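**Q** As given, the protein sequences belong to chains A and B, one line each in that order.
Residue numbering for the first sequence follows our numbering, beginning at 1 and increasing consecutively.
Residue numbering for the second sequence follows our numbering, beginning at 1001 and increasing consecutively.
Beta carbons are placed, not taken as given, at the ideal position from N, Cα and C, and that holds for glycine.
The structure presented is a predicted model; accordingly, all values stated were derived computationally and were not measured.
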Amino acid sequence: MKRIGSLIIAFAASLLLPLNAAAQGLRVEAPTVVSLDEAFNVQYIASGKVKEFFKPEFEDFHVLAGPTSSTMNSIQFVNGKRSQTYEVTYTYVLQAKSTGKFTIPSASADVAGKVQSSGTRSIEVVASGQQPQSSPSQESSSGGSSYASAGELMLKLQLSKTSVVKGEPIIATLKLYARNAAISGFEDVTFPTFEGFWSQEIEAPQNINFERENVGGQIYDAALLRRYMLLPQQSGQISIDPAEIICLLQVRAQNSQRGRSIFDDFFDSGYQTVRRRVATDKINVNVRALPDGAPADFTGGVGDLNMTVRLSKDSLKAHEAGSLIVTISGTGNLSMVDAPKINFPPDFEVYDIKKTDNVKAGRSGLSGTRTFEYPFIPRSAGDFTMEPVTLSYYNIKGGRYLKLSSDPIPVKVARSEGTDASVFKEGGINKQSVRSLGEDIRYISTSAGRLRRSGDSFVSSPWMWITAMLIVAAYVAVRLIVGKVETRRADVAGGRRRKALKVAKARLKKANSYLAQGLGTAFIEELHKALIGYVADKLTIAPADLDRDTIREKLLERGSSQEAIEGLFALLDECEYARYAPPGTHEALDSKYQTALKVIADLED
Amino acid sequence: MKKYIAIIVLVFTAFALRAQDADSLWNGAVQKYSEGDIQGAMEDFLAIEGQDLRSAELFYNIGNCYYRSGGYLGKAVLYYERALREDPSFKDAAANLSIARQYTLDKIETVPEFVLVTWARELRHSFSSDTWAWFALAFFALVAVSLLWFRYGRRMWLRKFAFSMAIVFGLCCFSSLGMSLAARAEAVAEDGAVVISPVTSVVSSPGTGAQALFVLHEGTVLEVIDSLGQWYRVQLSDGRQGWLLAKDIEII
């Protein structure tokens, strides 16, 4: 119960208290430029109820009056919401003691139980004989000034820099300066087109507020018309077209000498409107090209940039869309930065890059982020690693190119469940030819090959002739060897013929020893062998090829007598007969032996 | 006698040391190239070339180094051409030369050639001079074998066949020898050049003040016909002729 009560009290209190209690504070307002003999106001404004005001000490100024305090209380209802403003203003009227730059000292006050400090304000005092108007509206209303001229007007375009590199931001401020002029309006305003620049308005105030400014020792009322941010798009000398404005000035009529009626005075205020054209000078900006040697991954960024790279999804499936998001943040010509080139793994289908800007133009150029989104669809599963994304930009402070690089980006592509349906479709899969991703020279040879002296080649070198000679030598050697083998073979036949008698005699001797032992059959056998062997050796024919006709022919060729041949055949017949019949007596066998000796002796002749 | 032996030993060790030096240079250069130190690799390869040693692979690697260092297109073309002179059947060098040629500025129409001449050249270029020489020796050996067969063959038709084969092999031997000699003559001939300076103008006569005929760019291959002092008379593959300064080109 007690708790609810305290809540109700708090609610009531909140209704009663000023709503802008949070904005409580103390501030100081003073003109920025005054002339030496000018009396000017300095106001300390406290928002909230002030319990006590601690006066400041003005050392450099004469206090002509003050402090005078005034309070203001306003209550607003906007859309049913109530807002209340309560302000207490302490006003001093001061005059400067000498020219120069001074500081309006800080005052403090106890605002709603808290001691607040106002802070200081710098003020410039110029030695000007003329009493400037604090504002043109005042002048037009006071109207009693003695001069009839239209006053001075200037239109100025001020650039933060006139010598920049391409892409470096320039702040251009268009200001109207007026002195002793009562401006009632503008006509036909032409703002510069800024050809050769990318321009953006930073400030375009709806209400034109004049503030005092010291221009070359003179106090002018200056009004900010426009503030632009310019980014040079081309190098070289770029001139900015003049801005033009036609001011409508209130000038006191000079024709007052004429006879004036009371009605004239009543209807004619004594002022007439004069049109005055003011224009800025032509300004040249010297834009230097970016230094040579830009890295390959430079895409036009100038300023102070950062880059983050991420994938829209950590894991993907084949045939599922994903995207790589590259965010470039920082200050500089963000709107001019092109997308960095990214090498996607093969078999990734890559679509058009999407750009998203979140860029604010400010005094230091564009700041914010520019996001590039690279949509892609992996067409096959696997673990891929994309090469690091690199982006180079020109750093104005360092005066050189800096390189931003991400880490290698791993992409895991899982097999899609629908693989069977999508890949093994009817009619088979779509065959694709092996694409060439790029062309490059082949790698160096790792083996030295045959290093040799220049002019040194194998053909017609001694080595070649030596090899050719070796071949000839081999040919000759083969010829010689084969020839020798042939003669040796011929010698074998002759030797056999020469040894024929010796062999036959040995066999006959053996047969004779069989005869002595009384082995009749073995004797006949050996005798027959001796005869056949002798004939075969003599005629150098194989014993298997022996037949009577060949023997007869060959022996006749050799010049043997007919009787000897007949004797041989008769003996051979006897031997063949004796092999299948009883051998007969010792004497018969002995006569056969004697006949054989005689036949061999006859054939030998 | 001892003195002679000492001298011979000294000469042999000098050769061995030099060979070893070239080998270690080569391995170091390949290592540097694989690590991306193209400049270092190139210096080592050029040091091997500076020892008056040459091989198609060496020229090919130097060409690769020049290509990789960028801005030396003319040199790269020059060394690929040299590698092909050394070994016309070097496929890698031919492939890299065609890639390097894509970046040369000058596009020159070649005069069409009789097809048999092209065939003959392509046949000759399918092997190096040394390989042709070995072919000639092999055919020579086959002639010898055929003759032996002819001499000692047992059957008449085989002997006839061996004799005709001996004639065929003899012809092959001579044409291989011819190919080998022609290939060597081609390799030794100083009739080709490559434009080395980025741009050079070809003038109508040697000396200053001559009429400029046409402008050539780095990497263009020329035929050298004649030379006079600091000037070379050159011919383009489309038949145009002119004179240019020796410093702008390098003989292959």
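List the residues of chain A that Arg1184(B) touches, going by C-beta distances under 9 Å, in chain order.
**A** Result: Ser457, Phe458, Val459, Ser460.
**Q** With a threshold of 8 Å on Cβ separation, who are the neighbours of Glu576(A) within its own chain once the five nearest residues in sequence on each side are excluded?
**A** Taken in chain order, the residues that qualify are His528.
**Q** Helix or strand or just coil, what does DSSP make of Glu1122(B)?
**A** Residue state, collapsed to three classes: helix.
**Q** Using DSSP with H/G/I as helix, E/B as strand and the rest coil, what is Ile409(A)?
**A** If DSSP states are grouped into helix, strand and coil, Ile409(A) belongs with the strands.
**Q** Helix or strand or just coil, what does DSSP make of Pro31(A)?
**A** Looking at Pro31(A) - three-state DSSP - the assignment turns out to be coil, as it is neither helix nor strand.
**Q** Give a yes or no on whether the minimum CB-CB distance between Ile1099(B) and chain A is below 8 Å.
**A** Closer than 8 Å to some Cβ of chain A, the Cβ of Ile1099(B) qualifies, so yes.
**Q** Is the stretch 353 to 367 of chain A in contact with the stretch 408 to 418 of chain A, if contact means three or more CB pairs nearer than 8 Å?
**A** In short, these stretches do not touch, since the Cβ pair count stays below three.
**Q** Let me see if you follow: with CB-CB separation under 8 Å, is Leu1053(B) close to chain A or not?
**A** Leu1053(B) counts as touching chain A.
**Q** Any heavy atom of the ligand PLP closer than 7 Å to the beta-carbon of Tyr1072(B)?
**A** Ligands in the displayed structure: none, and consequently the ligand PLP is not present.
**Q** State yes or no: is the beta carbon of Ala536(A) nearer than 8 Å to at least one beta carbon in chain B?
**A** No, its Cβ sits nowhere closer than 8 Å to a Cβ of chain B.
**Q** By alpha-carbon positions, which one of Leu571(A), Arg579(A), Arg496(A) ends up nearest to Glu525(A)?
**A** It is Arg579(A) whose Cα lies nearest to the Cα of Glu525(A).
**Q** Quick one: residues in its chain with C-beta nearer than 8 Å to the C-beta of Gly113(A), no 5 flanking neighbours on either side, listed in chain order?
**A** Counting only Cβ-Cβ distances below 8 Å, and skipping sequence neighbours, we find Lys51.
**Q** Is DSSP giving Arg363(A) helix, strand or coil here?
**A** Of the three classes helix, strand and coil, the one that applies to Arg363(A) here is coil, per DSSP.
**Q** Output the boundary residues of the alpha helix (DSSP H) element that contains Gln1039(B).
**A** First-last of the alpha helix (DSSP H) with Gln1039(B): 1038 to 1050.
**Q** Could one say the Cβ of Ile471(A) lies closer than 8 Å to chain B's Cβ atoms, at least one of them?
**A** Yes, Ile471(A) lies at the interface with chain B (some Cβ there is under 8 Å from its Cβ).
**Q** Name, going along the chain, the residues of the stretch 440 to 452 of chain A whose beta-carbon falls closer than 9 Å to a beta-carbon of chain B.
**A** Cβ contacts with chain B come from Asp440, Ile441, Arg442, Tyr443, Ile444, Ser445, Thr446, Ser447, Ala448, Gly449, Arg450, Leu451, Arg452.
**Q** When you check each C-beta in the stretch 323 to 355 of chain A against every C-beta of chain B, which residues fall closer than 8 Å?
**A** Listed by position along the chain: nothing, the set is empty.
**Q** At 8 Å on the CB atoms, spell out the chain B contacts of Tyr475(A), in chain order.
**A** Residues of chain B passing the Cβ test: Ala1144, Leu1147, Leu1148.
**Q** What separation, rounded to the nearest whole angstrom, lies between the Cα atoms of Leu316(A) and Pro345(A)?
**A** The straight-line gap from Cα to Cα measures roughly 14 Å.
**Q** Closest to Ile1251(B) by CA distance: which of Ala1212(B), Gly1219(B), Ala1193(B) is it?
**A** The shortest C-alpha separation from Ile1251(B) is found at Ala1193(B).
**Q** Sort Leu519(A), Ser560(A), Gly518(A) by Cα distance to Lys538(A) and report the nearest one.
**A** Out of Leu519(A), Ser560(A), Gly518(A), Ser560(A) has the C-alpha closest to the C-alpha of Lys538(A).
**Q** Reducing DSSP to helix, strand and coil, say where Gly1192(B) ends up.
**A** The answer is strand: DSSP assigns Gly1192(B) an E or B state.
**Q** Could you list the residues in the stretch 386 to 401 of chain A with a C-beta less than 8 Å from some C-beta on chain B, going in chain order?
**A** Residues: none.
**Q** Give the straight-line distance between the Cα atoms of Pro105(A) and Thr120(A), rounded to the nearest whole angstrom.
**A** If I take the Cα positions, the gap works out to 5 Å.
**Q** Please compile the residues from chain A whose C-beta is within a distance smaller than 8 Å of the C-beta of Ser1201(B).
**A** What Ser1201(B) touches in chain A: nothing, since even the nearest Cβ is about 26 Å away.
**Q** Against chain A, with Cβ distances strictly below 8 Å, would Ala1166(B) count as a contact?
**A** Chain A, which has no Cβ nearer than 8 Å to the Cβ of Ala1166(B), makes this no.
**Q** Do you know offhand how far Ser323(A)'s Cα is from Gly303(A)'s?
**A** Roughly 27 Å separates the two Cα atoms.
**Q** Given a cut-off of 8 Å on the beta-carbon distance, is the pair Val215(A) and Tyr177(A) in contact?
**A** Yes, the pair counts as a contact, with Cβ atoms nearer than the cut-off.
**Q** Quick check: Ala182(A) and Leu249(A), are their CB atoms within less than 8 Å of each other?
**A** Yes.
**Q** What separation, rounded to the nearest whole angstrom, lies between the Cα atoms of Phe53(A) and Phe40(A)?
**A** Looking at the two C-alpha atoms, the distance is approximately 21 Å.
**Q** Tell me which same chain residues have a C-beta within less than 7 Å of the C-beta of Gln138(A), skipping the five on either side of it?
**A** With a pLDDT of 36 at Gln138(A), under the threshold of 50, the predicted position of this residue should be treated as unreliable, though the coordinate-derived value follows. Around Gln138(A): no qualifying Cβ.
**Q** Could you tell me which of Ser74(A), Ala473(A), Ala530(A), Ala107(A) sits nearest to Tyr44(A), measuring between CA atoms?
**A** For Tyr44(A), the nearest C-alpha among the options comes from Ala107(A).
**Q** Mind checking if Val423(A) is an interface residue toward chain B, Cβ cutoff 8 Å exclusive?
**A** With a pLDDT of only 47 at Val423(A), under 50, the local geometry of the prediction cannot be trusted, and the value read off the model is given with reservation. Val423(A) does not count as touching chain B.
**Q** Could you check whether the stretch 194 to 209 of chain A touches the stretch 221 to 240 of chain A, counting it as contact only if at least three pairs of C-beta atoms, one from each stretch, sit closer than 8 Å?
**A** Flag = yes, the stretch 194 to 209 of chain A and the stretch 221 to 240 of chain A touch.
**Q** Does Asp1021(B) get closer than 8 Å to chain A when you measure Cβ to Cβ?
**A** Not closer than 8 Å to any Cβ of chain A, the Cβ of Asp1021(B) fails to qualify, so no.
**Q** Which term fits Asp1052(B), buried or exposed, when burial requires 16 or more other beta carbons within 10 angstroms of its beta carbon?
**A** The residue is exposed, with fewer than 16 neighbouring Cβ atoms inside 10 Å.
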